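Chemist:
Number of protein chains: 2
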Amino acid sequence: MKKVTIHSPATVANLVCGFDILGLALNDPSDVMQLSLIDEPTIVIRNADEFGLPTDPHKNVAGVALLSLMETLKTPVGFEMTIQKRIKPGSGIGSSAASAAGAVAAANILLENMFSPDDLIQFAMNGEKLASGVKHADNIAPCLRGGITLVRSIHPLDIISIPPPPMYVTIVHPQIEVRTSDARQILKKQIFLKDAIRQWGNIAGLVTGLLQRDYELIGRSLEDVIIEPVRSILIPAFAEVKRKSLEAGALGGGISGSGPSIFMLSKEITEALTVEKEMSSIYNRLGIENSTYVTTINESGIKIVPDEIL
Amino acid sequence: MKKVTIHSPATVANLVCGFDILGLALNDPSDVMQLSLIDEPTIVIRNADEFGLPTDPHKNVAGVALLSLMETLKTPVGFEMTIQKRIKPGSGIGSSAASAAGAVAAANILLENMFSPDDLIQFAMNGEKLASGVKHADNIAPCLRGGITLVRSIHPLDIISIPPPPMYVTIVHPQIEVRTSDARQILKKQIFLKDAIRQWGNIAGLVTGLLQRDYELIGRSLEDVIIEPVRSILIPAFAEVKRKSLEAGALGGGISGSGPSIFMLSKEITEALTVEKEMSSIYNRLGIENSTYVTTINESGIKIVPDEIL
């Protein structure tokens, strides 16, 4: 039986000023997914973790993405899929995208790359729609491609890789619930033109800083005057976490996706580790359970790993 | 008597999606300015053109910029300045910025570079304020530095050069009046978040395209969903000029500054020349007097030229 096992990485979407367009892939954590090709046109899902996610493919993000891929197939094949989620659902670091993108990327390996990268993004977006109600690619694109990706446009799909300089990423996940749909509803539909201008100045600065490996410019441009002031009220101690992280030497950072995780970018690992300490000490003091990661940018996206890993 | 003669170039601000932040310098046209250092703390302005601009330094853009520079000087010196404007005032290709930036850049040469590039921008912005009522740097910055510049922030001033790949620029100046202040007033103070997101996706795409010399990406990203739909109604036949230019092979373009000039970027000179023909034939057909330029991006900004030129 044809079988493949992959690591599907966590991702940070809404990269500060790059709301809805910029995302990056992380080297840690990653989901482990094992897919086998079967002759019956059906999907069998097994969970190898404690999250108790639905195994009905129509109610499972990975299942919906796979179903959307299977709709385009002429020969009747199906998949058995074992999922070990290591990215906590609801943490804001692209858990649903890892499932959706991982499923279709693994399936494509089994199908000998019959689909293009853009096809995979389209299939995976159907999974994301189940999770958040909105088709969006800002976690899926970096999950599949690695690095930092720009979703310039969804209709038509136009995804551009922006190779970043080496950076460390510190993540804190305070164990509170922020629903993506709530985080969307809280946003105003209209914004001030002057704020938008400041935001697009920062986006241009951030992209230039990334491509020219100018860490100071990256730091100065990591400012969000539109989304963060609204959404950060959903995350306890956000302002303190940010202030302490910057004092500890982080270049900048903000809400990961729609939260509650917060991410910070640093040039050096020593800074990234100090940031981690500050983050967890704040939430420990407040009695809010939390987990942290110090990791680097995943350059290659989804990876094939030995089958024995699962 | 210490004397210097310079070329101060025309510039295109509001580079399509980069409203208020991105501008580029042109190799043609340029104003010619000759400055001499004098002992009296006064400014004498002579016009060597037919535009009849004010010679009272308090009412002249170049004069106001120079006055603002002189305020910071401890020793009492002044300037005699002869200005030959070749960039038509009100054309939308940075005529006032060329005067303001040219005056302070020339003065700084005479003063042996006692001021920093950022100082010069600050002085010149006071001249721009006289012209348009608003302190803005999006023409001044490319005029002084050349190339394409990003004004990431005005407070504090943060200007970043974005080196562009070789491109040809076609400009048409239909001889109608669009006042900068009118062009500002017509804009809505609030915009839709979804439009802003599309705009910043395009800005990120444009900057990436410029830095990675990806002409196709530049072309796809030259889209403005916020300002152009509003302002283009002030410019007769704008939509037709744009459509015909794209058909002729231009990468893209839009309103230069606040108009009425329209600019188009092309990869090859043959395309740039066809665009020029299309542009002028449209305005000729409508009976609107017009002038055109086909030029390249000025890489170095203001240039010292032989004194005999004037």
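Protein sequence lines, in the order shown, are assigned to chains P and Z.
This note's numbering numbers the first residue of the first sequence as 864 and each following residue consecutively.
This note's numbering numbers the first residue of the second sequence as 864 and each following residue consecutively.
Note that the Cβ used here is the ideal one computed from N, Cα and C, for glycine as well.
None of these values were measured; they are calculated from a predicted model.
Can you tell me whether Val997 of chain Z is buried or exposed, with buried defined as 16 or more other CB within 10 angstroms of its CB?
Modeler: Residue 997 of chain Z sits at position 134 when you count from the first residue of the second sequence. Exposed, by the Cβ-count rule.
Chemist: First and last residue of the alpha helix (DSSP H) that includes Pro980 of chain Z?
Modeler: Start at 1 with the first residue of the second sequence, and residue 980 of chain Z comes out as number 117. Unbroken alpha helix (DSSP H) run through Pro980 of chain Z: 980-995.
Chemist: Hey, which unbroken runs of the alpha helix (DSSP H) at 4 residues or more fall wholly within the stretch 1083-1117 of chain P?
Modeler: Counting whole runs of 4 or more residues, the stretch 1083-1117 of chain P contains the alpha helix (DSSP H) stretches 1091-1094, 1101-1110.
Chemist: What does the Cβ neighbour count give for Glu991 of chain Z, buried or exposed, with the cut at 16 atoms within 10 Å?
Modeler: Here residue 991 of chain Z is taken as the residue at index 128 of the second sequence, counted from 1. Flag for Glu991 of chain Z reads buried.
Chemist: Sort P:Ala1111, P:Ser958, P:Ser1084, P:Val867 by Cα distance to Phe942 of chain P and report the nearest one.
Modeler: Position 79 of the first sequence, counted from the start, is the residue given in the question as residue 942 of chain P. The candidate whose alpha carbon is nearest that of Phe942 of chain P is P:Val867.
Chemist: Could you check what DSSP says for Met1142 of chain Z in three-state terms: helix, strand or coil?
Modeler: On the second sequence, residue 1142 of chain Z is found 279 positions in, with the first residue counted as 1. Three-state result, Met1142 of chain Z: helix.
Chemist: Between Phe1055 of chain Z and chain P, is the shortest Cβ-Cβ distance under 7 angstroms, so that the two count as touching?
Modeler: Along the second sequence, one-based indexing puts residue 1055 of chain Z at 192. It does; some Cβ of chain P falls within 7 angstroms.
Chemist: Evaluate the contact criterion for the stretch 897-912 of chain Z versus the stretch 1082-1092 of chain P: three or more CB pairs, one atom per stretch, below 8 angstroms.
Modeler: No: fewer than three Cβ pairs fall under 8 angstroms.
Chemist: Please state the DSSP three-state secondary structure of Val940 of chain Z.
Modeler: Within the second sequence, residue 940 of chain Z is the residue found at index 77, counting from 1. Coil at Val940 of chain Z, not helix or strand.
Chemist: Note down, in chain order, every chain P residue with its Cβ under 8 angstroms from the Cβ of Gln1062 of chain Z.
Modeler: For the purposes of this step, residue 1062 of chain Z is taken as residue 199 along the second sequence, with counting starting at 1. Within chain P, the residues near Gln1062 of chain Z are Ala1059, Trp1063.
Chemist: Tell me, please, whether the stretch 1138-1158 of chain P touches the stretch 1027-1043 of chain P by the rule of three or more beta-carbon pairs shorter than 8 angstroms.
Modeler: At 8 angstroms Cβ cutoff, the stretches touch.
Chemist: If you drop the 5 nearest sequence neighbours on each side, which residues of the same chain put their C-beta closer than 6 angstroms to that of Ser962 of chain Z?
Modeler: Mapped onto the second sequence, residue 962 of chain Z falls at position 99. Excluding residues within five positions, the ones whose Cβ falls inside 6 angstroms are Val924, Ala925.
Chemist: Going along chain P in order, which residues have a C-beta closer than 8 angstroms to the C-beta of Gly881 of chain Z?
Modeler: Here residue 881 of chain Z is taken as the residue at index 18 of the second sequence, counted from 1. Neighbours of Gly881 of chain Z on chain P, chain order: Trp1063, Ala1067.
Chemist: May I ask you to report which of helix, strand or coil DSSP gives Leu999 of chain P?
Modeler: Residue numbering aside, residue 999 of chain P sits at position 136 when the first sequence is read from its first letter. Correcting the residue type first, residue 999 of chain P is His in the shown sequence and not Leu. DSSP places His999 of chain P in coil when its eight states are reduced to three.
Chemist: If we count Cβ pairs, one from each stretch, closer than 8 angstroms, do we get three or more for the stretch 1015-1029 of chain Z versus the stretch 1066-1073 of chain P?
Modeler: Short answer: they touch.
Chemist: Please list the segments of the alpha helix (DSSP H) lying wholly inside the stretch 889-953 of chain P, counting only runs of 4 or more residues, in order along the chain.
Modeler: DSSP runs (the alpha helix (DSSP H)) wholly in the stretch 889-953 of chain P: 924-933.
Chemist: Determine which residues of the stretch 1021-1032 of chain Z have a Cβ less than 8 angstroms from any Cβ of chain P, and write them out in chain order.
Modeler: Listed by position, the residues of the stretch 1021-1032 of chain Z near chain P (Cβ gap below 8 angstroms) are Asp1021, Ile1023, Ile1025.
Chemist: Determine the contact status of Ile1089 of chain P and Ile1054 of chain P, defining contact as a CB-CB distance below 7 angstroms.
Modeler: As a position in the first sequence, residue 1089 of chain P is number 226, starting the count at 1. As a position in the first sequence, residue 1054 of chain P is number 191, starting the count at 1. Yes, they are a contact pair.
Chemist: Report back the beta-carbon spacing between Glu1040 of chain P and Gly955 of chain P to the nearest angstrom; my notes put them in contact at under 8 angstroms.
Modeler: Reading the first sequence from its first residue, position 177 is the one you call residue 1040 of chain P. Reading the first sequence from its first residue, position 92 is the one you call residue 955 of chain P. The pair is not a contact, with the Cβ atoms about 10 angstroms apart (cut-off 8 angstroms).
Chemist: Would you mind sorting Ala1059 of chain P into buried or exposed? The rule is 16 or more other CB atoms within 10 Å of its CB.
Modeler: Along the first sequence, one-based indexing puts residue 1059 of chain P at 196. So Ala1059 of chain P counts as buried.
Chemist: So which of P:Ala964, P:Thr874, P:Ile1011 has the shortest CA-CA distance to Tyr1156 of chain P?
Modeler: Counting from 1 along the first sequence, the entry for residue 1156 of chain P is found at position 293. Considering only alpha carbons, the answer is P:Thr874.
Chemist: Going by other Cβ atoms of all chains shown within 10 Å of its Cβ, with 16 needed for buried, is Met933 of chain P buried or exposed?
Modeler: Your numbering for residue 933 of chain P matches position 70 in the first sequence. Buried, since its Cβ has 16 or more Cβ neighbours within 10 Å.
Chemist: Comparing alpha-carbon positions, which option in P:Ala994, P:Leu916, P:Lys1057 lies nearest Arg1042 of chain P?
Modeler: Here residue 1042 of chain P corresponds to residue number 179 of the first sequence, with the count starting at 1. The shortest Cα separation from Arg1042 of chain P among P:Ala994, P:Leu916, P:Lys1057 belongs to P:Ala994.
Chemist: Using a Cβ-Cβ cut-off of 7 angstroms (strictly less than) and excluding sequence neighbours within five positions of Lys1107 of chain Z, which residues of its own chain qualify?
Modeler: As a working mapping, residue 1107 of chain Z is identified with position 244 in the second sequence. Hits under 7 angstroms: Glu1141, Ile1145.
Chemist: By how many angstroms is the C-alpha of Ile1132 of chain P removed from the C-alpha of Leu983 of chain Z?
Modeler: Taking the first residue of the second sequence as 1, we reach residue 983 of chain Z at position 120. Taking the first residue of the first sequence as 1, we reach residue 1132 of chain P at position 269. Using only the alpha carbons, I get a separation of about 39 angstroms.
Chemist: Please list the partners that Ser1084 of chain P has in chain Z, where partner means a Cβ-to-Cβ separation under 7 angstroms.
Modeler: For the purposes of this step, residue 1084 of chain P is taken as residue 221 along the first sequence, with counting starting at 1. Within chain Z, the residues near Ser1084 of chain P are Arg1015.
Chemist: Under three-state DSSP, which class holds Asp1058 of chain Z?
Modeler: Residue mapping note: residue 1058 of chain Z aligns to position 195 of the second sequence, counting from 1. Correct three-state label for Asp1058 of chain Z: helix.
Chemist: For a test of the three-state rule: what should DSSP assign to Ala960 of chain Z, helix, strand or coil?
Modeler: Mapped onto the second sequence, residue 960 of chain Z falls at position 97. It is helical.
Chemist: Taking only three categories from DSSP, how would you classify Val1070 of chain P?
Modeler: Looking up residue 1070 of chain P in the first sequence gives position 207. Val1070 of chain P: helix per DSSP, three-state reduction.
Chemist: Can you check whether the C-beta of Lys1052 of chain P is within less than 7 angstroms of a C-beta belonging to chain Z?
Modeler: Within the first sequence, the letter at position 189 stands for residue 1052 of chain P. It does; some Cβ of chain Z falls within 7 angstroms.
Chemist: Which chain Z residues sit within Cβ distance under 8 angstroms of Ile884 of chain P?
Modeler: Position 21 of the first sequence, counted from the first residue, corresponds to residue 884 of chain P. Under the 8 angstroms cutoff, chain Z gives Ile1060, Trp1063, Gly1064, Ala1067.
Chemist: Can you tell me which of Z:Ala960, Z:Val879, Z:Phe978, Z:Asn1161 puts its alpha carbon nearest to the alpha carbon of Pro1029 of chain Z?
Modeler: In the second sequence, the residue the question calls residue 1029 of chain Z occupies position 166. Cα-wise, what sits closest to Pro1029 of chain Z is Z:Asn1161.
Chemist: Taking the alpha helix (DSSP H) that Arg1047 of chain P belongs to, which residues open and close that run?
Modeler: Counting from 1 along the first sequence, the entry for residue 1047 of chain P is found at position 184. Its alpha helix (DSSP H) spans residues 1043-1048.
Chemist: Taking the alpha-carbon positions, what's the Ile1151 of chain P to Lys1105 of chain P distance?
Modeler: Taking the first sequence and counting its residues from 1, the one referred to as residue 1151 of chain P is at position 288. Taking the first sequence and counting its residues from 1, the one referred to as residue 1105 of chain P is at position 242. Straight-line Cα distance between these residues: approximately 17 angstroms.
Chemist: Can you list the residues of chain Z that Thr1071 of chain P reaches, using a CB-CB cut of under 8 angstroms?
Modeler: What you label residue 1071 of chain P is simply residue 208 of the first sequence in a count that begins at 1. Within chain Z, the residues near Thr1071 of chain P are Leu1013, Ile1023, Ile1025, Val1070, Leu1074.
Chemist: Which value, in whole angstroms, describes the spacing of the CA atoms of Lys951 of chain Z and Leu1007 of chain P?
Modeler: The residue given as residue 951 of chain Z occupies position 88 in the second sequence. The residue given as residue 1007 of chain P occupies position 144 in the first sequence. Taking the straight line from one Cα to the other gives about 52 angstroms.
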